[in-house]
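Visitor: Before I ask anything, here is the structure I am working with.
Residue numbers (our numbering): 14 to 425.
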């Protein structure tokens, strides 16, 4: 057996396979998408936790792969020499073929494949490399001590694993992978959707996510606590804005906790807290951070004139991230044309629909002025807005006899 060329050739190829395994696992683990990895860890996946553990301890990861590759390299080189000797050839010729085989089969090919399929390779091979890291732990610790000593001697600081941060490219890679058929499956679909929504939030403002004051549930400043309790019971929200004279003038926010010890005949405004105002152009990510630190439940969105235009709650932002509030989008199958222009109030809704090929809900013979007045349930004032289907209708010019001009824009 010891003189069999097939025996030594098999051992040589086995060592090359071992080198390929450890080098590819090293490349795959360091290339694993950090966003996706943390998602898997949050789901309690054991293999993902092992990968994360190795990444959090780089000395353990690189020490293990370094030992695995070099041990296999040394054994493989000797097996290659024995193979040449069993073939009655000079053992000194072994490096000529061994270098080529190691370079192609143990380094370049497996590392390129591991880079492209980092997630699959990591999760498939991490049990072996994780177990190996425990076996060689004493040696890795010794290497770590030597490395730390050399770093101190040459004035280098210790490596801080916690300083590893996500880059824009790593986050962007999630969306590139979402279009790759190799990464599309039922398990990843929800993850890709959530992360995509988070990424898209960078460009969104309060105006794009808020609920219009004209269509939101609100209380008049003279409302009693009893009335406020009835309104709160009929809505899924724990807080409600209070306005004075006009819905564009919000003066307070009242929630159920503040009304627990109050009497029904008391004024709800007496138990309200001051509103938190933001501009309509404030970025959603900034608002999300402010929600985290200021302990507020709802924000009042102001227009350019300083008047309340909409309401924005933390739930609205979360719905935007997780896509919870999709009932409207699922039920609407009529394609919406992008529109942003001003129309006369006496224009019929049916003519508007016919002109732009859209489906703006209306009653027979109803004009745009009638539509907005019916939605507001009071005489329209300049600047007031309503949302109908995918359109926002804003009063541009109002008079005592009705609305003269209305601007309509598509809300995507």
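Ideal Cβ positions, reconstructed from N, Cα and C, are used throughout, including at glycine.
#1: Just the Cα atoms here: how many angstroms apart are residue 272 and residue 282?
#2: What's the C-alpha gap between residue 196 and residue 276?
#3: Would you check if the distance between the CB atom of residue 256 and the CB atom of residue 233 is smaller than 8 Å?
#4: Go to residue 104, then tell me how far its beta strand (DSSP E) extends in each direction, as first and last residue.
#5: What three-state label does DSSP hand residue 305 in the structure shown?
#6: Quick check: the segment 37-57 against the segment 84-95, are at least 3 beta-carbon pairs closer than 8 Å?
#7: Should residue 284 go down as buried or exposed, given a rule of 16 or more other Cβ atoms within 10 Å for buried?
#8: Sort 72, 291, 228 and 122 by Cα distance to residue 260 and report the nearest one.
#9: Take the Cβ of residue 329 as the centre, count every other Cβ of all protein chains shown within 10 Å, and call the residue buried at 16 or more, exposed below.
#10: Just checking, does the segment 48-66 make contact with the segment 110-124 on the three C-beta pairs under 8 Å criterion?
#11: How about residue 60 and residue 151: are their beta carbons less than 8 Å apart?
#12: Bridge partners for residue 415 per DSSP, in chain order?
#13: Beta strand (DSSP E) containing residue 364: first to last residue?
#14: Going by DSSP in three states, residue 257 sits in which element: helix, strand or coil?
#15: Assign residue 34 to one of two classes, buried (16 or more other C-beta atoms within 10 Å of its C-beta) or exposed (fewer than that).
#16: Would you tell me roughly how many angstroms separate the C-alpha atoms of residue 126 and residue 37, rounded to the nearest one?
#17: For the segment 100-150, which segments carrying the alpha helix (DSSP H) assignment without a break, of at least 4 residues, lie completely within its bounds, in sequence order?
#18: Just to confirm, is the Cβ distance from residue 324 to residue 254 under 8 Å?
#19: From the DSSP output, in three-state form, read off residue 163 for me.
#20: My output table needs one value for residue 57: the three-state DSSP class, helix, strand or coil.
#21: Checking 8 Å against the spacing of the C-beta atoms, do residue 408 and residue 414 come in under that value?
#22: Which residue's Cα is closest to the Cα of residue 74: 104, 18 and 135?
#23: Grab me the residues of residue 399's own chain with a C-beta within less than 7 Å of its C-beta, minus the 5 sequence neighbours each way, in chain order.
#24: What are the partner residues of residue 265, as DSSP defines its beta bridges?
#25: Quick check on DSSP: helix, strand or coil for residue 21?
#26: Please report the straight-line C-alpha distance between residue 85 and residue 157, rounded to a whole angstrom.
#27: Taking the beta strand (DSSP E) that residue 312 falls in, what are its first and last residues?
#28: Restricting to Cα atoms, I'd like to know which of 396, 369 and 361 is closest to residue 412.
#29: Excluding the 5 residues flanking residue 338 on each side, which residues of the same chain have their C-beta closer than 6 Å to its C-beta?
#30: Taking just the CA atoms, how far does residue 382 sit from residue 369?
#31: Mind checking if residue 16 is an interface residue toward chain B, Cβ cutoff 8 Å exclusive?
#32: How long is the line joining the alpha carbons of residue 248 and residue 266, rounded to whole angstroms?
#33: Starting from the Cα of residue 118, find the closest Cα among 143, 167 and 32 and give me that residue.
#34: Note down the Cα distance separating residue 410 from residue 239, rounded to an integer number of angstroms.
#35: Going by CA-CA distance only, name the one from 87, 58, 269 and 392 that's closest to residue 27.
#36: Using CA coordinates, which residue listed in 372, 418 and 220 is at the minimum distance from residue 401?
Guide: Reading off the structure:
#1: 11 Å
#2: Bear in mind that the predicted position of residue 196 carries a pLDDT of just 49, short of 50, making it unreliable; the figure below should be weighed with that in mind. When rounded, the distance between both Cα atoms is 59 Å.
#3: Contact annotation: residue 256 and residue 233 have beta-carbon atoms nearer than 8 Å.
#4: Premise fails: residue 104 is in no beta strand (DSSP E) and is neither H nor E.
#5: The answer is helix: DSSP assigns residue 305 an H, G or I state.
#6: By the Cβ criterion, the segment 84-95 is not in contact with the segment 37-57, since fewer than three pairs of Cβ atoms, one from each stretch, lie closer than 8 Å.
#7: buried
#8: 228
#9: buried
#10: no
#11: no
#12: 412
#13: Where residue 364 is concerned, there is no enclosing beta strand (DSSP E), although the alpha helix (DSSP H) it sits in stretches over 362-369.
#14: strand
#15: buried
#16: 8 Å
#17: 107-114, 122-129 and 131-148
#18: Yes, these two residues count as a Cβ contact at 8 Å.
#19: helix
#20: coil
#21: no
#22: 135
#23: 225, 227, 228, 385, 388, 389 and 406
#24: 255
#25: helix
#26: 21 Å
#27: 311-315 is the extent of the beta strand (DSSP E) around residue 312.
#28: 396
#29: Model confidence at residue 338 stands at a pLDDT of 47, short of 50, so the residue's coordinates are unreliable and nothing is read from them.
#30: 18 Å
#31: Included in the structure is just one protein chain, with no chain B present.
#32: 15 Å
#33: 32
#34: 37 Å
#35: 87
#36: 372
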